[in-house]
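Quick mapping for you: the protein sequence lines, in order, are chains A and B.
Going by my numbering, the first residue of the first sequence is number 1, and it counts up by one from there.
Going by my numbering, the first residue of the second sequence is number 1, and it counts up by one from there.
In this text, a Cβ means the ideal position worked out from N, Cα and C, and glycines have one as well.
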Amino acid sequence: MSFDDLQAKWQAHDHGMRLNIDADLLLREVRRNHRALELQLWQRDFGEVTAAVLITGVFATLAVLMHQWTLLLCAAGSLFVGLFFVVDRWKQRRRRSVIGSSLQSTIEASLAEVQHQIWLLRNILWWYLLPLVPGLVAFLVTNFWQSSEKGIAEQIVIAGVGLICAAAFWSVYRINQREIKKTLEPRRNELEELQTRLGSSNANA
Amino acid sequence: MTTDDQDAQFQRWIQNHLGLMVKVVRSFVDGAADQDDLLQDILVNLWSSIPSFRGEAKETTWIYRVSIQTAMVWRRGERRREKYQSSYMQEVTAVKSHGVDSEGDDDELIERLYSAIRQLPKVDASIALLHLDGLTYREISEALGISENYVGVKLSRIRSVLTERLGGSNH
Chain A
1 MSFDDLQAKW
11 QAHDHGMRLN
21 IDADLLLREV
31 RRNHRALELQ
41 LWQRDFGEVT
51 AAVLITGVFA
61 TLAVLMHQWT
71 LLLCAAGSLF
81 VGLFFVVDRW
91 KQRRRRSVIG
101 SSLQSTIEAS
111 LAEVQHQIWL
121 LRNILWWYLL
131 PLVPGLVAFL
141 VTNFWQSSEK
151 GIAEQIVIAG
161 VGLICAAAFW
171 SVYRINQREI
181 KKTLEPRRNE
191 LEELQTRLGS
201 SNANA
Chain B
1 MTTDDQDAQF
11 QRWIQNHLGL
21 MVKVVRSFVD
31 GAADQDDLLQ
41 DILVNLWSSI
51 PSFRGEAKET
61 TWIYRVSIQT
71 AMVWRRGERR
81 REKYQSSYMQ
91 EVTAVKSHGV
101 DSEGDDDELI
111 ERLYSAIRQL
121 PKVDASIALL
131 HLDGLTYREI
141 SEALGISENY
151 VGVKLSRIRS
161 VLTERLGGSN
171 H
């Protein structure tokens with residue numbers, strides 16, 4: 001069978017064209033999906049900001065109640081992380097491509113988004129973990145120092161808390177680095193290949 | 001454009017061109033669940049794209065463009081579906097996956113052709129689909145944003161590959 005025969009059969013075939021579609025129902029479904037997607041994005045942003053505000057509030061309250069002023073540094077660190085989220089999301093949303101623009105720009109926008117996610121996760125130490133470290137370290141060191149009069153048991157507890165915090169931070173860092181390798185880098189490579197193919201197609205013009 | 005205009009336009013496109021979107025979906029992904037997800041993303045993007053449609057391109061070119069753009073950057077399981085989602089979309093996909101016509105051997109041939117298209121690189125798959133649908137080089141070039149020369153160069157190879165995979169000769 002020649003390609004022209006294939007093409008003729010393809011064009012003669014019903015690919016779902018005769019589906020009996022209730023356009024009203026489908027429209028309602030699409031609008032609901034659209035709203036659900038917008039809501040999902042909004043909930044994600046709201047959740048992150050709320051978590052940052054709550055943690056900031058908890059640290060600040062504890063600082064006042066316990067007269068542990070080093071906890072204010074933790075509150076400041078949490079606030080910084082929350083603000084970073086907000087500013088980053090806002091900047092990224094402004095860079096979204098317009099639906100229906102060229103394929104090249106859609107791929108560029110997707111690639112930029114993935115590259116930004118890689119950058120975020122690769123630098124998670126600097127914008128997510130380190131801002132919390134000064135406060136935690138100051139809190140633990142101060143308490144460790146003060147507890148030297150009370151006995152070794154309390155010092156062991158404080159050292160244990162410090163180790164748990166360090167392990168948690170290390171885990172967060174490792175999980176995110178693994179995510180880059182497992183998901184984001186293959187995705188970036190795929191988009192770069194698409195971009196190269198499209199780029200070479202235009203270079204051949 | 002008012003929301004009512006947008007809705008009316010969308011309904012008209014659905015009535016006239018849903019099959020076109022289904023073809024894009026089947027050319028890019030396999031499996032009913034993934035096809036269902038992609039079809040939903042295409043429909044949402046198409047609805048959102050209507051205010052940007054100025055009538056400079058043909059309607060079908062625009063629909064192909066939005067559908068192919070969505071399919072190109074779509075990733076399995078990237079978007080979490082809502083629990084309240086009705087089975088209507090799944091029903092559309094199920095009907096489409098099993099075919100609605102009774103053309104016997106042609107069904108199998110077309111299914112093999114879809115499978116062969118899915119094995120092509122994504123840009124080539126898009127060119128193949130649009131060519132099979134009878135779009136001109138210019139229309140393919142407009143829909144994909146690539147040069148007409150490139151379309152011509154790629155098509156000669158794509159035609160050979162597809163014909164070979166389906167066990168025919170490229171005349």
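Say whether chain B places a C-beta atom closer than 8 angstroms to the C-beta of residue i.
| i | result |
| --- | --- |
| GLU192/A | no |
| ALA23/A | yes |
| ASN33/A | yes |
| LYS182/A | no |
| LEU120/A | no |
| TRP90/A | no |
| GLN43/A | no |
| PHE3/A | yes |
| HIS116/A | no |
| GLN195/A | no |
| ARG187/A | yes |
| THR106/A | yes |
| TRP145/A | no |
Please report how far the alpha carbon of residue i lies from the alpha carbon of residue j, in whole angstroms.
| i | j | result |
| --- | --- | --- |
| LEU83/A | GLN92/A | 14 angstroms |
| TRP42/A | ALA63/A | 31 angstroms |
| THR50/A | LYS122/B | 41 angstroms |
| ILE140/B | ARG178/A | 40 angstroms |
| ASN45/B | ILE146/B | 21 angstroms |
| GLY19/B | ALA109/A | 28 angstroms |
| ASP45/A | VAL141/A | 34 angstroms |
| TRP13/B | LYS182/A | 39 angstroms |
| LEU121/A | PRO186/A | 15 angstroms |
| THR3/B | VAL24/B | 27 angstroms |
Over the uninterrupted alpha helix (DSSP H) stretch that includes residue i, give me the two end residues.
| i | result |
| --- | --- |
| GLU48/A | 23 to 66 |
| TYR128/A | Element bounds for TYR128/A: n/a, residue is neither H nor E. |
| ILE50/B | Here ILE50/B belongs to no alpha helix (DSSP H), and DSSP marks it neither H nor E. |
| ILE99/A | That residue, ILE99/A, is in no alpha helix (DSSP H); it is neither H nor E in DSSP. |
| TRP69/A | Where TRP69/A is concerned, there is no enclosing alpha helix (DSSP H), given that its DSSP letter is neither H nor E. |
| GLU59/B | 59 to 73 |
| HIS15/A | Where HIS15/A is concerned, there is no enclosing alpha helix (DSSP H), given that its DSSP letter is neither H nor E. |
Compare the C-beta of residue i with all C-beta atoms of chain A and state if any pair is closer than 8 angstroms.
| i | result |
| --- | --- |
| ILE117/B | no |
| LEU130/B | no |
| ASP101/B | In this predicted model, ASP101/B has a pLDDT of only 46, less than 50, meaning its place in the structure is not dependable enough to derive any value. |
| SER67/B | no |
| MET1/B | no |
| ILE140/B | no |
| SER49/B | yes |
| VAL22/B | yes |
| LYS122/B | yes |
| THR163/B | yes |
Give a yes or no on whether 8 angstroms exceeds the smallest Cβ distance from residue i to chain C.
| i | result |
| --- | --- |
| LEU6/A | The structure shown has no chain C; the protein chains it does contain are A and B. |
Contained alpha helix (DSSP H) runs [length at least 4] in the segment 98 to 150 of chain B, N- to C-terminal order = Listed in chain order, they are 105 to 118, 122 to 132 and 137 to 144.
query = Whole alpha helix (DSSP H) runs in the segment 137 to 179 of chain A with 4 or more residues, listed along the chain?
reply = For secondary structure counted as the alpha helix (DSSP H) over 4 or more consecutive residues, the segment 137 to 179 of chain A holds these complete runs in sequence order: 152 to 179.
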